[in-house]
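One structure below.
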């Protein structure tokens, strides 16, 4: 007795269509991850940046530097323990040794007490249209875990301290050249 191959063919076609659908879905998700500073990039204001970071879920969507532990030893003025996140724009500039972080680049540093309690979040952001000639265009932000802004803008203490590494685009955490 001869059996029909139609059910087998139909199963193979459906399985192939499902695999193509999954591949397209994954490709779309991968593209969305790399575009973390698209049209919704925040303006240079503390409130806008905090809102953006909360929506972006930076702790899960952004990267730490390759080869650097997610939590590492820090020091003044930040914290005893630090965790630093880079958006795709900043990380690409660092990886490529581009010489500077381009507009849209953002670095988020979580500052922890020795007991592991989050004390503050500090941000460096190269915002479109923002000018800070004393710090190569960086906007600085420090805010408490509850969202209260402690300092923002061309913060003199940030500009002065990071000025020690002006030849590395004001970054202590990673070499950009």
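Residue numbers (my numbering): 17 to 193.
Cβ atoms here follow ideal geometry from the backbone N, Cα and C, with glycine treated the same way.
Quick caveat, the model's predicted, so the values are computed rather than measured.
* Are the region 137 to 144 and the region 77 to 92 touching, with three or more C-beta to C-beta distances below 8 Å? -> no
ask   = Does the Cβ of residue 76 have 16 or more other Cβ atoms within 10 Å, making it buried, or fewer, making it exposed?
value = exposed
Inset, instruction - Determine, using beta-carbon pairs with one atom in the region 156 to 168 and one in the region 55 to 69, whether at least three such pairs fall under 8 Å. - result: yes
C-beta contact flag for residue 104 and residue 117 at 8 Å: no
Which residues bound the beta strand (DSSP E) around residue 175? Per DSSP, residue 175 belongs to no beta strand (DSSP E); it is in the alpha helix (DSSP H), 172 to 178.
Of the residues 96, 122 and 120, the one placed nearest residue 128, counting alpha carbons only: 96
Closest residue to residue 172 among 150, 119 and 187 (Cα-Cα distance): 150
| query | Terminal residues of the continuous beta strand (DSSP E) containing residue 64? | reply | Here residue 64 belongs to no beta strand (DSSP E); instead the alpha helix (DSSP H) covers 62 to 72.
Exercise. Could you tell me the boundaries of the beta strand (DSSP E) in which residue 97 lies?
Key: 97 to 102
(message) Between which two residues does the beta strand (DSSP E) holding residue 137 run?
(response) 134 to 141
Exercise. Among all the DSSP beta bridges, which residues are the ones paired with residue 158?
Worked result: 138 and 167
### Task
Let me know the secondary structure DSSP gives residue 124 once reduced to three states.
strand
(request) Output yes or no for whether 8 Å exceeds the beta carbon distance between residue 136 and residue 168. (result) no
Quiz prompt | As assigned by DSSP and simplified to three states, the class of residue 42 | solution = Unreliable placement is indicated for residue 42, whose pLDDT of 44 sits below 50; no coordinate value is reported for it.
Reference residue 146, options 98, 126 and 120, closest by Cα: 120
**Q.** Three-state secondary structure assigned by DSSP to residue 189
**A.** coil
**Q.** Option nearest residue 81 by Cα separation, candidates 98, 183, 73 and 92
**A.** 98
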